[in-house]
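Since the structure comes first, as structure tokens, the remarks are kept for the end.
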Amino acid sequence: MARFINQHSRNDSNSSASIWMAASGEQKKKSKGDGGDSSETESEGGQKMAKKGEELKEDMDSLMEEIDSVLEENAEEFVKNYVQRGGQ
Amino acid sequence: MAIPTVMGTEVEFGIIVKNDPDFDPISSCVLLVNAYREDPEGRILWDYDQENPLADARGFQVDGEKYTPNQQENIARNKTLINGARYYVDHAHPEYSSPEVTNARDLVVHEKAGERVLEVSRREANALLPAGAVMLLHKNNSDRKGNSYGCHENYLMDRRTSFKRIVENLLPFFATRQIYCGAGKVGSENRNHPCDFQISQRADFFETEVALDTMVKRPIINTRDEPHADREKYRRLHMIVGDSNMSEYTIYLRNGVTAIILSMIEDGAIDRDLSLSNPVRSIKEVSHDPTLKAELQLENGKRMTAIQIQNEFLEMALTYAARNKLDPVAVDVLDKWQHVMTSLQGDPMDLAREIDWVAKKLLLESFIERKGLDWEDPKVQMLDLQYHDTRPDKGLYYMLERDGRMERICTDDEIMEAVHRPPIDTRAFFRGECLRRFPEEVFGVNWDSISFSVGEEPVRRIMMSEPLKGSRAHVEDLLNQSKSASELLANLDS
Chain Z
106 MARFINQHSR
116 NDSNSSASIW
126 MAASGEQKKK
136 SKGDGGDSSE
146 TESEGGQKMA
156 KKGEELKEDM
166 DSLMEEIDSV
176 LEENAEEFVK
186 NYVQRGGQ
Chain W
45 MAIPTVMGTE
55 VEFGIIVKND
65 PDFDPISSCV
75 LLVNAYREDP
85 EGRILWDYDQ
95 ENPLADARGF
105 QVDGEKYTPN
115 QQENIARNKT
125 LINGARYYVD
135 HAHPEYSSPE
145 VTNARDLVVH
155 EKAGERVLEV
165 SRREANALLP
175 AGAVMLLHKN
185 NSDRKGNSYG
195 CHENYLMDRR
205 TSFKRIVENL
215 LPFFATRQIY
225 CGAGKVGSEN
235 RNHPCDFQIS
245 QRADFFETEV
255 ALDTMVKRPI
265 INTRDEPHAD
275 REKYRRLHMI
285 VGDSNMSEYT
295 IYLRNGVTAI
305 ILSMIEDGAI
315 DRDLSLSNPV
325 RSIKEVSHDP
335 TLKAELQLEN
345 GKRMTAIQIQ
355 NEFLEMALTY
365 AARNKLDPVA
375 VDVLDKWQHV
385 MTSLQGDPMD
395 LAREIDWVAK
405 KLLLESFIER
415 KGLDWEDPKV
425 QMLDLQYHDT
435 RPDKGLYYML
445 ERDGRMERIC
455 TDDEIMEAVH
465 RPPIDTRAFF
475 RGECLRRFPE
485 EVFGVNWDSI
495 SFSVGEEPVR
505 RIMMSEPLKG
515 SRAHVEDLLN
525 QSKSASELLA
535 NLDS
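Chains as they are written, first to last, in the working numbering: chain Z, 106 to 193; chain W, 45 to 538.
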């Protein structure tokens with residue numbers, strides 16, 4: 106049984122990893138700051154990707170198109186029905 | 045000398061099922077949690093004997109009924125995972141409690157692993173819903189109708205540190221740390237002043253300084269005294285004031301800076317009095333002012349901005365770091381805290397790659413500008429919500445991350461590893477490995493115990509009252525020498 110679970114969890118590891126990746130598209134390829142250890146050093150001095158406010162806003166154009174394609178339809182109804190009771 | 049850092053988070057997620065007129069949050073949570081099948085027999089219990097949420101850190105026991113579900117309900121609501129985490133139904137929300145970790149970087153990895161666990165089970169649960177119905181989860185803290193749910197941080201502290209001192213030192217820190225920890229929110233609620241956008245998801249919900257409550261009249265400092273460890277030596281500081289963050293960098297600072305401040309409190313290194321006249325008012329004033337110019341009234345008569353107060357804490361931390369050897373993660377946290385404080389004094393919007401509320405504000409402002417909308421528009425509120433959506437293809441935070449617009453602290457591979465492996469340097473390692481190796485014999489689990497039921501023998505509970513014992517270094521040989529739970533118990537005796 107223990108071996109079965111071992112096996113199960115390994116399989117699960119692969120399948121859940123692939124589920125995650127599949128839906129997130131080519132995450133690795135597109136992610137610029139995702140360099141593992143290097144991302145820490147990158148964020149320190151260089152800030153090569155950091156841009157000032159206005160520049161960043163202009164840079165948002167392509168993103169806005171992407172948002173249009175993923176934004177939940179019927180926003181008004183969705184937001185109205187979004188009720189979350191019983192939280193701490 | 046401050047005790048070593050041990051921390052974890054408990055994150056409650058928002059849950060909704062679209063196109064289901066009969067949506068019931070509790071049964072949806074049960075469906076969700078049970079859709080995650082690590083333990084195919086589904087029979088491991090959560091050990092409620094070890095719980096006492098009614099003990100107050102100020103030294104008394106509050107009246108109330110302790111919740112203990114029956115066995116069937118217990119199994120249906122609780123999953124203890126092989127990575128050492130607890131995944132369960134808490135009231136009407138799915139909740140993920142990370143395993144105990146020793147530093148902020150591991151905390152980020154394991155909190156992010158929780159997002160993956162929730163998303164994997166959401167997909168499995170969706171397959172069981174009627175056609176057209178879609179379950180969605182949000183890692184946020186508010187429905188914008190006056191209901192809030194938490195992201196609780198837990199930190200192990202030295203019991204000898206006076207609780208009064210902890211409270212005094214932490215109130216001004218917690219009222220102001222949101223300037224680099226806030227997740228951002230459109231509008232206000234809970235009868236607070238109207239606003240377009242505020243820094244924190246949670247600030248509107250704090251009504252008192254210090255109390256035991258978590259669901260009503262929420263306190264900035266929660267007094268739950270349930271150490272889940274040797275109560276003679278330790279307390280577990282249970283902090284309910286924080287936001288649920290998506291940005292790895294923000295999570296890293298939220299837990300990393302707080303852990304440094306707590307070590308400083310243990311060592312008596314907070315030597316400036318920054319007491320606020322009215323912390324409950326201040327936490328809202330800070331949240332409602334994204335320009336960060338608001339001045340807060342101190343008890344000593346001075347007025348200071350949140351940036352000035354955080355700079356005071358930073359200066360004290362730098363002095364502390366110069367006199368004490370901090371671990372490499374804490375050194376890096378300090379470095380990033382300095383970077384963030386410098387940017388906040390310039391243009392906060394420069395932190396759109398690092399800090400959630402800034403990233404969200406930039407996204408929303410760009411959208412509003414291009415579409416000619418106002419802050420009241422449901423689409424803007426939808427965007428706010430969707431920033432926290434756990435779906436990698438629809439969640440707006442994940443979209444920013446995928447586009448390389450967010451600073452990362454860890455890699456996707458590390459996060460996936462943490463879905464299936466416990467941290468190696470706390471008792472979570474022993475818990476997770478026992479669950480992985482001996483799932484049939486594990487009978488019940490709590491943070492500080494694990495019990496086994498082997499054959500006809502009576503159930504045996506192994507106590508783990510030292511959070512740093514049970515690490516890989518301590519128990520790997522023991523586990524490798526034990527081919528069965530029975531051998532493990534025998535080896536523990538010898």
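Positions of the beta carbon are idealized from the N, C-alpha and C atoms, including for glycine.
Keep in mind the model is a prediction, meaning the values are calculated, not measured.
- Looking at the DSSP output, tyrosine 296/W bridges to nothing.
- With fewer than 16 other Cβ atoms inside 10 Å of its own Cβ, alanine 171/W counts as exposed.
- Phe250/W is the residue among Gly228/W, Tyr224/W, Phe250/W, Cys225/W whose C-alpha sits nearest the C-alpha of asparagine 236/W.
- Interface criterion not met: the Cβ of leucine 256/W is under 9 Å from no Cβ in chain Z.
- Judged by DSSP secondary structure, aspartate 202/W falls within the beta strand (DSSP E) whose first and last residues are 195-202.
- Here the alpha carbons of aspartate 100/W and glutamine 116/W stand approximately 30 Å from one another.
- Between isoleucine 351/W and isoleucine 223/W, the C-beta spacing is below 9 Å.
- In this structure, the straight-line span from the alpha carbon of alanine 273/W to that of serine 509/W is close to 4 Å.
- Less than 9 Å separates the beta-carbon of leucine 342/W from that of proline 216/W.
- The beta carbon of isoleucine 70/W is closer than 6 Å to those of Ala136 in its chain, skipping five residues each way along the sequence.
- If you look at glutamine 430/W, you'll find it in the alpha helix (DSSP H) that goes 422-430.
- For methionine 508/W, no beta strand (DSSP E) run applies, since DSSP gives it neither H nor E.
- Close to lysine 438/W, with beta-carbon spacing below 7 Å, are these residues of chain Z in chain order: Val175.
- When C-alpha distances from arginine 465/W are compared across Cys454/W, Asp456/W, Glu477/W, Thr455/W, the shortest belongs to Glu477/W.
- According to the DSSP secondary-structure assignment, tyrosine 131/W is paired through a beta bridge with Lys123/W, Tyr140/W.
- Each residue's CA atom was taken as its position, placing isoleucine 172/Z and glutamate 409/W some 13 Å apart.
- Here phenylalanine 218/W is not near glycine 231/W, since their CB atoms are 9 Å or more apart.
- When C-beta atoms of the stretch 200-211 of chain W are compared with those of the stretch 364-384 of chain W, fewer than three pairs fall below 8 Å, so the two segments do not count as touching.
- DSSP places asparagine 186/Z in the helix class (H, G or I) of the three-state scheme.
- When the alpha-carbon of isoleucine 243/W is set against those of Asn322/W, Gly312/W, Asp317/W, Lys328/W, the nearest one is in Lys328/W.
- For glycine 286/W, the closest of Cys225/W, Arg279/W, Thr252/W, Gly345/W by C-alpha to C-alpha distance is Cys225/W.
- Arginine 481/W and histidine 518/W have their alpha carbons spaced roughly 17 Å apart.
- Looking only at Val503/W, Val463/W, Pro483/W, the smallest Cα-Cα distance to serine 141/W is reached by Val463/W.
- Beyond the five residues adjoining it in sequence on each side, phenylalanine 183/Z comes within less than 7 Å, by CB distance, of Glu177 in the same chain, given in chain order.
- For the stretch 409-426 of chain W, the beta-carbon criterion of a distance under 9 Å to any beta-carbon of chain Z is satisfied by Glu409, Ser410, Phe411, Glu413, Arg414, Lys415, Asp421, Pro422, Lys423, Val424, Gln425, Met426.
- The stretch 149-156 of chain W makes no contact with the stretch 411-427 of chain W; the number of CB pairs closer than 8 Å stays below 3.
- Every unbroken stretch of the alpha helix (DSSP H) spanning 4 or more residues and falling wholly within the stretch 346-411 of chain W is given here in chain order: 350-367, 372-389.
- Shown here for serine 319/W: same chain residues with a beta carbon closer than 8 Å to its own, the five before and five after excluded, namely Glu212, Leu215, Pro216, Leu342, Glu343, Asn344 in chain order.
- Using a Cβ-Cβ distance cut-off of 8 Å, the stretch 73-87 of chain W and the stretch 116-125 of chain W are in contact, since at least three pairs of beta carbons, one from each stretch, lie closer than that value.
- Pairing valine 503/W with arginine 475/W, the inter-Cα distance amounts to about 16 Å.
- Distance from the CA atom of histidine 332/W to the CA atom of arginine 452/W, rounded to whole angstroms, is 28 Å.
- CA-CA distance, valine 375/W to threonine 112/W, rounds to 42 Å.
- Around glycine 300/W, the same chain offers Ala148, Val377 as residues with beta carbons nearer than 6 Å, after the five sequence neighbours per side are excluded.
- When the five nearest sequence neighbours on each side are left out, the beta carbons in the same chain lying within less than 8 Å of the beta carbon of threonine 349/W are those of Leu336, Lys337, Ala338, Glu339, Leu340, in order along the chain.
- Taking the CA atoms as reference points, valine 489/W sits about 17 Å from aspartate 134/W.
- For the stretch 116-135 of chain W, the residues whose beta carbon sits under 9 Å from a beta carbon of chain Z are, in order, Ile126, Asp134, His135.
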